[in-house]
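> Mind having a look at this structure? Questions to follow.
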Amino acid sequence: MKLKFTDLAAAAAVFLTFSAQAQVKGTVATLMGQAGVTTDPGDVIQSQAVLFAPWGMAFDNIGNLWFTEATFDNGFDPAIKGNRLRVLLNSDGKVYKRAGSPARDPGYQNFPGSAISMLNTPMGFAFDVNENLYIADYGNNCIRKVGKFTTLSNSQDVSTFAGATTTSTPGDVDATGTAARFNHPQDIVYDGDQYLYVADTDNHKIKRIDIATGSVITFAGTGISGSTNGTRLSASFFYPSGLCYYGNKLYIADEGSYMIRVIDIATGLVSTFAGSGIFGITDGASLTAQFKYPEDVAVDFSGNVYVVEGKNAGGLIRKISNGQVTTFAGADGQVGSTDGVGTTARFKDPRSIYFNIGNNKLYVGDVGNGLIRTIETSDGPNSVASIYGNQQINLYPNPANTQFVVSVPSINQPINVQLIDLNGRIIEQQNAFANSFSFNTMSLNPGVYVVRVLSNGINSTQKIVIR
14 MKLKFTDLAA AAAVFLTFSA QAQVKGTVAT LMGQAGVTTD PGDVIQSQAV LFAPWGMAFD
74 NIGNLWFTEA TFDNGFDPAI KGNRLRVLLN SDGKVYKRAG SPARDPGYQN FPGSAISMLN
134 TPMGFAFDVN ENLYIADYGN NCIRKVGKFT TLSNSQDVST FAGATTTSTP GDVDATGTAA
194 RFNHPQDIVY DGDQYLYVAD TDNHKIKRID IATGSVITFA GTGISGSTNG TRLSASFFYP
254 SGLCYYGNKL YIADEGSYMI RVIDIATGLV STFAGSGIFG ITDGASLTAQ FKYPEDVAVD
314 FSGNVYVVEG KNAGGLIRKI SNGQVTTFAG ADGQVGSTDG VGTTARFKDP RSIYFNIGNN
374 KLYVGDVGNG LIRTIETSDG PNSVASIYGN QQINLYPNPA NTQFVVSVPS INQPINVQLI
434 DLNGRIIEQQ NAFANSFSFN TMSLNPGVYV VRVLSNGINS TQKIVIR
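The working numbering applies: residue 14 is where the sequence shown begins, and numbers increase by one.
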């Protein structure tokens, strides 16, 4: 996204100011939406926005928050229809529609080609390195592609990237592009390099798409519901619903098995990360703990795993850390929209969770309330201290134009320096016994990035603006 530096700096300033505030771990706050309101005011400022079943969430390169609105019917309240892709812009603090019917009706239309685009229960989505966006279009049994955002006045192309090109019945076909078939795909993640991974929920499979060719294959799962571990094509899943890619591993909220599963991409082995397979809410050791309908999963900068549970759970966020499962926010069977710390907060059918490395917050799609909530993952300032002993870790220049340098203390240990985008993808990393690391930024899109420095005794993160 090419912007003038003044525009980029203003956007980054809003984002960085917001993310520098102090916090208390486990604090739940309402970021956007109005619980119980069903009248759509249109494109308005953040505080006035009304959301309809907010589901997938992700930040783009300059801190704009994108989210999908699904269709939701819990059998008790009036059904909610969203069927749109929207964005909260950093530059003016307003929420805008970018894809889907203005009337929120479900449908299947691409744009251009039709006067408007239409989606049918869009759920999880992912950005690629070129800022194209890929949506798991659950009701249309396909993957839609939304072209890169430039300006509000320019409509973004909406096309079908994989799966059928018209409203179709579900299927299970590995093929290329629109010849492939899915059965209610619910989530999609990008590995930052070559592949998209799809939770093909009702096929009980994980599909993989080569982003360059559109080739779709079954990456894991036999297609028969179950919870068998092993090699990826012999393992079984039971309604895999939410995905997170972290550290060359794919974490899976396996809803029907009441487990969190993980696939080691390098070895192809599928294992159980947490959950005994028994329906319930019991904290404790990861493999004896119990879950109720784990819907989605996120991983923070330190490798802690967070699970969102809706449906019969009412609204819970669980945390898996050091082999233990704890309740991080919400309460079993307790429904509401109260903000607060930890178990004093209340949710209503939350279905999605996303970790933003830009401010160390979790973002929760509180679908039943029509809210996007945030949860602090640590105490103190959002940015991890960038001091080792009494020596400063420095980035310069910041903002950067063609390159920047990371200066670190002189220690007799190897140091790992990572450049990471706001979706957690490692763009580049360097390892050396050195105290100065230079990064060339000529090929990068302008925006906000994170620099992480790791070594024995150092775990530092700082933000950098690339113009």
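In this text, a Cβ means the ideal position worked out from N, Cα and C, and glycines have one as well.
Here the structure is a predicted model, which means the values were calculated and not measured.
Do you know offhand how far I148's Cα is from R364's?
Roughly 16 Å separates the two Cα atoms.
> Considering Cα atoms alone, identify which of T235, A193, I273 is closest to T178.
The shortest C-alpha separation from T178 is found at A193.
> For A23, which residues in the same chain have their Cβ closer than 6 Å to its Cβ, ignoring the five residues on either side in sequence?
At A23, the pLDDT of 38 sits below 50, so the modelled position is not reliable; the number obtained from the coordinates is stated separately. Result list for A23: empty, nothing under 6 Å.
> If you count every other CB in all the chains shown that lies within 10 Å of the CB of V275, and 16 or more means buried, which is it?
So V275 counts as buried.
> Any idea what DSSP makes of V380, helix, strand or coil?
Note: V380 maps to helix in three-state DSSP.
> Grab me the residues of T454's own chain with a C-beta within less than 7 Å of its C-beta, minus the 5 sequence neighbours each way, in chain order.
Around T454: A413, T415, Q416, F417, I479.
> Is the CB-CB distance between D213 and G255 below 8 Å?
For D213 and G255, no; Cβs fall outside 8 Å.
> Count the other CB atoms, across all protein chains shown, that sit within 10 Å of the CB of T163; report buried if there are 16 or more and exposed otherwise.
It is exposed - the Cβ of T163 has fewer than 16 other Cβ atoms within 10 Å.
> Suppose you measure from the CA of R465 to the CA of A447; what does that come to, to the nearest Å?
Computed Cα separation, rounded: 15 Å.
> Using 8 Å as the Cβ pair cut-off and three pairs as the minimum, do the segment 332 to 342 and the segment 168 to 175 touch?
No, because fewer than three Cβ pairs between the segment 332 to 342 and the segment 168 to 175 fall closer than 8 Å, the two stretches do not touch.
> Give the DSSP-derived three-state secondary structure of D105 in the structure shown.
Three-state result, D105: coil.
> Who are the Cβ neighbours of V100 in its own chain at under 6 Å, not counting the five residues just before and after it?
The answer, listed in chain order, is N77, W79, Y109, R111.
> Is the CB-CB distance between Y121 and M131 below 8 Å?
For Y121 and M131, yes; Cβs fall inside 8 Å.
> Could you check what DSSP says for I400 in three-state terms: helix, strand or coil?
The predicted model places I400 with a pLDDT of 45, which falls under 50 and marks its position as unreliable, so this point remains unresolved.
> If you draw a straight line from the alpha carbon of I230 to that of Y210, how long is it in whole angstroms?
Looking at the two C-alpha atoms, the distance is approximately 10 Å.
> Among all the DSSP beta bridges, which residues are the ones paired with W79?
BP columns for W79 point to A71, V100.
> Between the segment 271 to 291 and the segment 353 to 367, do at least 3 Cβ pairs fall closer than 8 Å?
No: fewer than three Cβ pairs fall under 8 Å.
> At which residue ranges does the segment 117 to 157 contain complete beta strand (DSSP E) runs of 3 or more residues, listed in the order of the chain?
The qualifying runs are 135 to 140, 146 to 150.
> Quick check: R386 and V380, are their CB atoms within less than 8 Å of each other?
Cβ atoms of R386 and V380: not closer than 8 Å.
> Looking at C-beta atoms only, is the number of pairs between the segment 33 to 49 and the segment 60 to 76 that lie closer than 8 Å three or more?
Touching, per the Cβ criterion.
> Helix, strand or coil: which one does DSSP assign to G46?
In the structure shown, G46 sits in a strand (DSSP, three-state: E or B).
> Would you please state the rounded distance, in angstroms, between the beta carbons of T81 and G152? I believe it to be under 8 Å.
Actually they are not in contact, since the Cβ atoms of T81 and G152 sit about 12 Å apart, beyond 8 Å.
> For L329, which option in S315, D313, N317, G293 has the closest C-alpha, if you only look at C-alpha atoms?
Considering only alpha carbons, the answer is G293.
> To which residues of the same chain is N133 closer than 8 Å at the C-beta, ignoring the five residues directly before and after it?
Around N133: T84, N96, P119, G120, Y121, D150, Y151, G152, N153, T180.
> Are the beta-carbon atoms belonging to P307 and V320 less than 8 Å from one another?
Yes; because the gap between Cβ atoms is below 8 Å, this pair is in contact.
> Following the continuous beta strand (DSSP E) through K218, name the residue where it begins and the one where it ends.
Segment 218 to 223, the beta strand (DSSP E) holding K218.
> Identify, in the order they occur along the chain, each residue of the same chain with its Cβ nearer than 7 Å to the Cβ of F232, setting aside the five sequence neighbours on each side.
Hits under 7 Å: Y210, I219, K220, R221, R245.
> With 16 as the cutoff for other CB atoms within 10 Å, does G336 come out buried or exposed?
With fewer than 16 other Cβ atoms within 10 Å, it is exposed.
> Closest to I291 by CA distance: which of Y271, V202, S473 is it?
With distances taken between Cα atoms, I291 lies closest to Y271.
> Taking DSSP's pairing of strands, which residues face K476 in a bridge?
Per DSSP, V463.
> In three-state DSSP terms, what is S315?
If DSSP states are grouped into helix, strand and coil, S315 belongs with coil.
> Report the rounded CA-to-CA distance for V430 versus A445, giving the unit in angstroms.
For V430 and A445, the distance between alpha carbons rounds to 9 Å.
> Taking the alpha-carbon of G260 as reference, which of L98, N196, P125, G316 has the nearest alpha-carbon?
When only C-alpha atoms are compared, the closest one is G316.
> Do F138 and A71 come within 8 Å of each other at the CB atom, strictly closer than that value?
Contact flag set, yes.
> With DSSP run on the structure shown, which of helix, strand or coil describes N372?
In this structure, N372 counts as coil in the three-state DSSP scheme.
> Helix, strand or coil: how does DSSP classify Q36 here?
In the structure shown, Q36 sits in a strand (DSSP, three-state: E or B).
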